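Contents: one structure, followed by commentary.
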Amino acid sequence: SVMQRSEFSAKDYIQKAGGVTRMADADSAFLILPNGEAQPLSLSSWSMTNVSIPPGSTIYVPRDPLPFNAMGFGIDISKILSSLAVSAASIAVINR
């Protein structure tokens, strides 16, 4: 929650609120106006449009639906392989 200032842009508000994370989908950000309407925001540095943000508005930056995290993927695969190895060893012992 950030106090409304007429000189702030959408990027300024996002930075004041802590910025976007690496799991955010900044390209899909949008502004929810106090009357319930929504309009897309362009947060890229190439965008020259300055959207007026009235008091009571909400800036929403959704999560990226498919973030790729190599470390998380590696941990998940190692857990699966470990479980398979323990299961195979258990079956081998039971069959003796």
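Residue numbers for the sequence shown, in my numbering: 825 to 920. Ideal Cβ positions, reconstructed from N, Cα and C, are used throughout, including at glycine. Note that the coordinates shown come from a computational prediction; the quantities given were computed from them, not determined experimentally.
Other residues of its chain near Pro889: CB distance less than 8 Å, five sequence neighbours each side excluded: As a first step, residue 889 must be located in the sequence shown, where it is residue number 65. Within its own chain, the residues whose Cβ lies closer than 8 Å to the Cβ of Pro889, once the five positions on either side in sequence are excluded, are Asp849, listed in chain order.
Simplified DSSP state of Ile877, which is helix, strand or coil: Residue numbering aside, residue 877 sits at position 53 when the sequence shown is read from its first letter. Correct three-state label for Ile877: coil.
Helix, strand or coil at Phe832 [DSSP, three-state]: Taking the sequence shown and counting its residues from 1, the one referred to as residue 832 is at position 8. Three-state result, Phe832: coil.
Val875 versus Phe832 - alpha carbon distance: In the sequence shown, counting from the first residue as 1, residue 875 sits at position 51. In the sequence shown, counting from the first residue as 1, residue 832 sits at position 8. Computed Cα separation, rounded: 10 Å.
DSSP-derived helix/strand/coil call for Leu905: Along the sequence shown, one-based indexing puts residue 905 at 81. Reduced to three states, the DSSP call for Leu905 is helix.
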